[in-house]
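Some notes on the structure that comes next.
In our numbering, the protein residues as written are 21 to 158.
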């Protein structure tokens, strides 16, 4: 049964240390995604976003924000993937699709699969890129 509001499903990925951050992102975009996209479309993934988290950006942020919030943790993963889906069954369908094995065939060479942060929830916008404030009482 579909949810009234689309779900956001997110996964962080760490690269295997023998690869550079840039080579890892290139692998995802140029090798993995061309194989995965038809499967995502087949199972109704509404959108897919790759949020890249380079260490120099996060290290710089940590130096600044860490002064004010010393107990906060800062991203140490290489990327954050966000899927917009209609229901949890979409995830199951992708993971059990026979073609998915081919889409992740090189994963063990590139992705540190022993660790990830996974989440499922909703996103509600309040400030749009146009500058419009939405979803708030006047």
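We put the beta carbon where it would ideally sit given N, CA and C, even for glycine. Remember, it's a predicted structure, so these values are computed and weren't measured experimentally.
Residue i in three-state terms, based on DSSP
i: residue 39; result: coil
i: residue 88; result: helix
i: residue 47; result: helix
i: residue 21; result: Since pLDDT at residue 21 reaches only 46, below the 50 mark, its modelled position is unreliable, and the value read off the structure follows with that caveat. Residue 21: coil per DSSP, three-state reduction.
i: residue 150; result: coil
i: residue 32; result: strand
i: residue 156; result: coil
i: residue 60; result: helix
Under 9 angstroms between C-beta atoms of residue i and residue j
i: residue 146; j: residue 25; result: no
i: residue 69; j: residue 121; result: no
i: residue 140; j: residue 29; result: yes
i: residue 110; j: residue 63; result: yes
i: residue 51; j: residue 72; result: no
Cβ neighbour criterion (16 or more within 10 Å) applied to residue i
i: residue 22; result: Note that residue 22 has pLDDT 46, beneath the 50 cutoff, so the model's placement of it is unreliable and the number below is only indicative. When all chains shown are included, residue 22 counts as exposed.
i: residue 27; result: buried
i: residue 114; result: buried
i: residue 161; result: The requested residue 161 is not part of the displayed model; the chain covers only 21 to 158.
i: residue 158; result: exposed
i: residue 118; result: exposed
i: residue 130; result: buried
i: residue 48; result: buried
i: residue 112; result: exposed
Residue from the options whose Cα sits closest to the Cα of residue i
i: residue 124; options: 157, 92 and 54; result: 54
i: residue 76; options: 110, 94 and 59; result: 94
Neighbour flag for residue i against chain D, beta carbons, 9 angstroms
i: residue 120; result: Absent from the structure is chain D; it holds one protein chain and no more.
Delimiting residues of the beta strand (DSSP E) encompassing residue i
i: residue 71; result: 67-72
i: residue 140; result: 138-141
i: residue 110; result: Run containing residue 110: none in the beta strand (DSSP E); it sits in the alpha helix (DSSP H), 109-116.
Span of the alpha helix (DSSP H), counted from its first residue to its last, around residue i
i: residue 128; result: 127-130
i: residue 123; result: 120-123
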